[in-house]
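S.K.: For reference, the structure I am asking about is given below.
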Amino acid sequence: MDFEALKKYSALHPKPARLTLQYGTAGFRSKAEQLDHVMFRMGLLAALRSRATGSTIGVMVTASHNPEEDNGVKLVDPLGEMLHPSWEEYATQLANAEEQDLQKTLTEICQKAAVNQQKDASVFIGRDTRPSSKKLSQAVIDGVSVLGGQYHDYGLVTTPQLHYVVCCQNTRGQYGKPTLEGYYQKLSKAFMELIKKSPGSGEGQRHLKIDCANGIGALKLSEMQPYLPKEVLVHIYNDGTKEKLNHLCGADFVKVHQKPPKGLDMKPNERCCSFDGDADRIVYYYTDTAGHFHLIDGDKIATLISIFLKELLAKVGQTLKMAVIQTAYANGSSTRYLEETLQVPVHCVKTGVKHLHHKAQEFDIGVYFEANGHGTVLFSKAAENTIRQLAKDEKDDAKREAAKVLENLIDLINQTVGDAISDMLVIEAILSLKGLTVHQWDAFYTDFPNRLLKVQVADRQVIDTTDAERRAVTPPGLQEKIDALVKKYKFSRAFVRPSGTEDVVRIYAEADTIKTYVNLKVANIATQSSSNSHSSRSHLH
Ligand code: G16
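Under full-length UniProt numbering, the sequence shown has 286 at position 286, and the numbering climbs by one with no breaks.
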């Protein structure tokens, strides 16, 4: 390590005094002006992680669903997964080390993680469309370079595209070509193969309105359009040319407010969807003829995919072990439907795709979705090999055809992480193959009425949780109060947890009827608190 160069470069990316940041649900997030040193240091860390794993590591500059003024960084591990939790601690140590301790901290990390400093380091870098992202990605480049690492700057990409190219690179092309063109070609080929078999194929165009949250999704979807078949017409709204990123639009806004985004004109029964700021989440929605808004969130997306997979597995005669992974935010109605009607095992884990992804890896087929629309499907290597073999060699025509559909689905799904573009194509293909309208999809089950609220408090870390974040262990007495309220109402559930991406506490409540729900004082307290942050402080402390 060239400590002189390190000192010189680090001085160009100084850490603001007394600033401490935590590695959160998906990396670091903060106001963009506080992040220059974090980016430089994550460049350093990515170079070390690359040496430790002997693989290319990804660094994505984005704050996803957060406001345009924020920024953040997500680190991508060799197979496209989120950074391994054992390194999150190193990331926090490095981000918070005072200038004079930086060298010592780096040396300690190298020792603890047995990093061979003679090895090559390779880092792929991407960024979203925030005004601050270009400069911050330059800070990442400085960090990689000062440790003698090689980098490839992909520039403007969606987060899932960066995950994808990292995986392609480290599997030496087995997963695909590590280029955006490779991504567009692989996905569009699989999509075309799938929809060719749909009953309505050749009978006109499918229209879909997409709110791109004024973010990167609009750019990348436009780039992909020439690769898509002309039967599918995507109409891009909120493309970032007029309005601010994530402002009154995008998947998070639509999910939290349960209303349409600004800037998208909806006609009754038209299928619409929203991406988030870095295009790793998607939710669908429509308004009915009476003008009522219907949200189709991650839970219903997981349900649609699970139904389709189950049918295909039955057709090919395979008993592969399939499960759905959810978080505490999953609507109780979706869990009941999956377990009782579909007979698919459901597992609940902590918020954050890293937790869902990890759990999903335990099954032949793991379908994971957060209610907020972040999710994908994982196929074990063995399951994938079985399916590809059947698609090639199976003598029974019906079984072979079903296996081919599964094979194309595997190629269409971005298995590295939730991907709004890939998920959208998967959903469109399934709806088309099954001949389902958005209304019929929505009617699989009825969501329990629910509200998700954010409350600002003095110190959100006073809340600690257990049982996949469904119960609060601190502050004392809080859980008992929630229990006392919840037990009065049928099918009611409520929990609080500190966000790992914003300086807020999230409060979720649901019950069997709206009447019950409005009586749920947990939600009432939260509603009051959002408009009066002082009262929220006194309540939560
Ligand atoms: C990130 C994570 C998601 C998580 C979301 C909210 O999403 O990747 O898994 O659900 O944050 O997390 P929290 O409730 O802790 O703030 P994104 O789309 O912002 O990267």
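Cβ coordinates follow ideal geometry from the N, Cα and C atoms, glycine included.
Could you work out which residue in Y151, E33, A32, H257 is closest to L44 when comparing CA atoms only?
M.R.: Y151
S.K.: I believe A91 touches L102 by the beta-carbon criterion, under 8 Å. Please report the beta-carbon distance rounded to the nearest angstrom.
M.R.: That belief does not hold up - the Cβ atoms of A91 and L102 are roughly 14 Å apart, past 8 Å.
S.K.: Considering E407, what are the terminal residues of the alpha helix (DSSP H) in which it resides?
M.R.: 397-412
S.K.: Quickly, what does DSSP pair Q326 with across the bridge? List them, please.
M.R.: C348.
S.K.: Determine the extent of the alpha helix (DSSP H) in which G373 is found, giving its start and end residues.
M.R.: That residue, G373, is in no alpha helix (DSSP H); it is neither H nor E in DSSP.
S.K.: In chain order, what residues of the same chain lie with their CB nearer than 7 Å to the CB of A190, ignoring the 5 residues before and after it?
M.R.: N408, D411, L412
S.K.: List the residues that DSSP assigns as beta-bridge partners of S122.
M.R.: T56, Q150
S.K.: Are the region 324-342 and the region 434-447 in contact at 8 Å, needing three or more beta carbon pairs?
M.R.: With a cut-off of 8 Å, the region 434-447 and the region 324-342 count as touching, because enough Cβ pairs lie within range.
S.K.: Pull up the DSSP beta-bridge partners for L295, would you.
M.R.: L295 is bridged to Y285.
S.K.: With a CB to CB cut of under 7 Å and the five nearest residues on each side skipped, what residues in its chain are close to S533?
M.R.: Confidence in S533 is poor, its pLDDT being 33 and thus under 50, which makes the residue's placement too unreliable to answer from.
S.K.: Which residues count as close to the ligand G16 when the rule is a CB under 6 Å from any of its heavy atoms, in chain order?
M.R.: Those satisfying the condition are, in chain order, T25, A26, S64, H65, D276, D280, R281, T351, G352, V353, E370, N372, H374, S499, G500, T501, E502, R506.
S.K.: Alpha carbon to alpha carbon, how far is C212 from I430? Give it in angstroms, no decimals.
M.R.: 22 Å
S.K.: Report the CB separation of N71 from V59 in whole angstroms; it is logged as a contact under 8 Å.
M.R.: Their Cβ separation, rounded to whole angstroms, is 13 Å, which puts N71 and V59 out of contact at 8 Å.
S.K.: Below 6 Å CB to CB, which residues in the same chain sit around V234 once its five sequence neighbours on both sides are set aside?
M.R.: L208, I210
S.K.: Return the CA-CA distance between K267 and T287, expressed in angstroms with no decimal places.
M.R.: 7 Å
S.K.: Examine the Cβ distances between the region 31-42 and the region 138-155 and report whether three or more of them are shorter than 8 Å.
M.R.: yes
S.K.: Helix, strand or coil for T474, going by three-state DSSP, please let me know.
M.R.: strand
S.K.: Given a cut-off of 8 Å on the beta-carbon distance, is the pair S432 and R206 in contact?
M.R.: yes
S.K.: Compute the distance between the beta-carbons of E33 and R130, then report whether it is under 8 Å.
M.R.: In this structure, R130 does not lie closer than 8 Å to E33 by Cβ.
S.K.: Can you find at least 3 beta carbon pairs, one from the region 269-285 and one from the region 390-400, that sit closer than 8 Å?
M.R.: no
S.K.: Please confirm if the region 373-387 is in contact with the region 93-112, defined as three or more CB-CB distances below 8 Å between the two stretches.
M.R.: No, because fewer than three Cβ pairs between the region 373-387 and the region 93-112 fall closer than 8 Å, the two stretches do not touch.
S.K.: Where does the unbroken alpha helix (DSSP H) through P160 begin, and where does it stop?
M.R.: 159-170
S.K.: Quick check on this structure: which residue in A251, E181, A472, E370 has the alpha carbon closest to the alpha carbon of S334?
M.R.: E370
S.K.: In its own chain, which residues sit with a C-beta less than 6 Å from the C-beta of I514, not counting the 5 before and 5 after it?
M.R.: P449
S.K.: Cβ of V349 within 8 Å of Cβ of A468?
M.R.: Going by C-beta atoms, V349 is nearer than 8 Å to A468.
S.K.: CB-CB under 8 Å to E502, same chain, minus the five flanking residues each way: which ones, in chain order?
M.R.: R29, N66, K454
S.K.: Can you grab the Cα-Cα spacing for the pair Q461 / D128, in whole Å?
M.R.: 29 Å
S.K.: Rounded to a whole number of angstroms, what is the C-alpha to C-alpha distance between V232 and G200?
M.R.: 12 Å
S.K.: When you compare only the Cα positions, how much space is there between G180 and Q161?
M.R.: The amino acid at residue 180 is misidentified as Gly; the sequence shows Leu. Cα-Cα distance, rounded: 7 Å.
S.K.: My output table needs one value for F191: the three-state DSSP class, helix, strand or coil.
M.R.: helix
S.K.: Specify the secondary structure class of G332 as computed by DSSP and reduced to three states.
M.R.: Secondary structure of G332 (DSSP, three-state): helix.
S.K.: Got a sec? Which residues, its chain only, sit under 7 Å from K8 by beta carbon, not counting five neighbours each side?
M.R.: none
S.K.: Rounded to a whole number of angstroms, what is the C-alpha to C-alpha distance between G263 and G240?
M.R.: Those two C-alpha atoms are separated by around 11 Å.
S.K.: So I57 and V123 are in contact, right, with Cβ under 8 Å, and what is the actual spacing, rounded?
M.R.: So it is a contact: roughly 5 Å between Cβ atoms.
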